[in-house]
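Trainee:
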Amino acid sequence: MKNAVLVFLLLTGFANQAQTKSDLYKHYEAFYDQMRLQGDVDGVINALTHLNVLVPSKERMDTLAYIYANDNQYLQALNTIGIEKNESDSDLGVQVKAMSLKALNQPKRALEQFEILFKRSPNAYLAYEMADLKIQVGDDKGATENITYGIANAQDDMKYAFYERQQPYEVSLKAALLHLRALVEFNKDQNNPDQALATIEEALKLDPNFNLASLSKQALEARKQELQAPK
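Put into structure tokens, the structure is as follows:
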């Protein structure tokens, strides 16, 4: 009789626990929907974290990491899904790793992730990102290949955003790629900036208000004057 009572109590306890977990899950699903409706990022993160604890989900973890990254919480994003190169990761997961590692100044690791994305769906925007990162790590040959692809596949209406000024601005993606080409040309021969200057002029013809290109042009002209000064 005692054994029967013990079994009954255990079964009742498991049932109550399952019911409680189910209720909690429904609660946080509703909470998540409400936080999304209100545009409350912290609330959405809170809800997704609880849902993942209750019922772990790779897709939901990717979503959580994306929300962190989109809120400039890059370290938290990577702590959520890791930094490893994994060919089986979802497109969203790879995208989060790429953008977060780039933002945290990890060009080599970021490049690994962008290469996965480019292999899956090549486009001019990814070509720009890869070229930019390759210049940072000293791979001018690889950068040139990406720049050539990007310019060939960039449409006139494609824009790229820059943030070096207080007010962010957009320029033609083709102009942005030409700016990178000028940097590579200068890296190849820093004692002859003429070709790089000509390429910068091409970029500025496409977008006269391209501030970063204007700054690069000033630096190249200063370098040319330095080379021409009597010694």
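At position 178 of the sequence shown (counting the first as 1) the number is 261 in the numbering used here, and the numbers step up by one without a gap.
C-beta: ideal position from N, C-alpha, C; glycine also.
1. Just to confirm the assignment, what range does the beta strand (DSSP E) spanning serine 58 have?
2. In whole angstroms, what is the alpha-carbon distance linking alanine 286 and isoleucine 230?
3. Got a sec: is the Cβ-Cβ distance from valine 136 to anything in chain D below 9 Å?
4. One question on the structure: do valine 138 and tyrosine 108 come within less than 9 Å of each other, judged by their Cβ atoms?
5. Count the other CB atoms within 10 Å of the CB of valine 90; is the residue buried (16 or more) or exposed (fewer)?
6. Could you compute how far the alpha carbon of serine 204 sits from the alpha carbon of alanine 210?
7. Report the option in Asn129, Glu247, Lys104 whose CA atom is closest to the CA atom of leucine 298.
8. Give a yes or no on whether the C-beta atoms belonging to leucine 216 and lysine 242 are separated by under 9 Å.
9. On the DSSP bridge list, what partners appear for alanine 244?
10. Determine whether the beta carbon atoms of alanine 258 and glycine 233 lie at a separation below 9 Å.
11. With DSSP collapsed to three states, give me the class of proline 205.
12. If you run the structure through DSSP and keep just helix, strand and coil, what is threonine 95?
13. Given a threshold of 16 other Cβ atoms within 10 Å of its Cβ, counted over all protein chains shown, does threonine 103 qualify as buried or as exposed?
14. Look up glycine 122 in the DSSP assignment and say whether it is helix, strand or coil.
15. If you draw a straight line from the C-alpha of asparagine 292 to the C-alpha of asparagine 270, how long is it?
Mentor: To lay it out plainly:
1. As shown, the chain starts at 84 and ends at 314. That puts residue 58 outside it, with no answer to give.
2. Each residue's alpha carbon lies about 13 Å from the other.
3. Absent from the structure: chain D. Only one protein chain is present.
4. Going by C-beta atoms, valine 138 is nearer than 9 Å to tyrosine 108.
5. Low confidence applies here, because valine 90 scores a pLDDT of 43, under 50, leaving its location unreliable and the question unanswered by this model.
6. So the two alpha carbons sit approximately 11 Å from each other.
7. Nearest Cα to leucine 298 within the set Asn129, Glu247, Lys104: Glu247.
8. Judged by their CB atoms, leucine 216 and lysine 242 are not nearer to each other than the 9 Å cut-off.
9. DSSP output for alanine 244 lists Glu253 as bridge partner(s).
10. Not a contact, by the Cβ cut-off of 9 Å.
11. Per DSSP, reduced to three states, the secondary structure at proline 205 is coil, with no helix or strand assignment.
12. The predicted model places threonine 95 with a pLDDT of 46, which falls under 50 and marks its position as unreliable; any figure quoted below should be read in that light. Threonine 95 falls in the helix class under three-state DSSP.
13. Per the 10 Å Cβ criterion, exposed.
14. Of the three classes helix, strand and coil, the one that applies to glycine 122 here is coil, per DSSP.
15. Rounded to whole angstroms, asparagine 292 and asparagine 270 show a C-alpha spacing of 24 Å.
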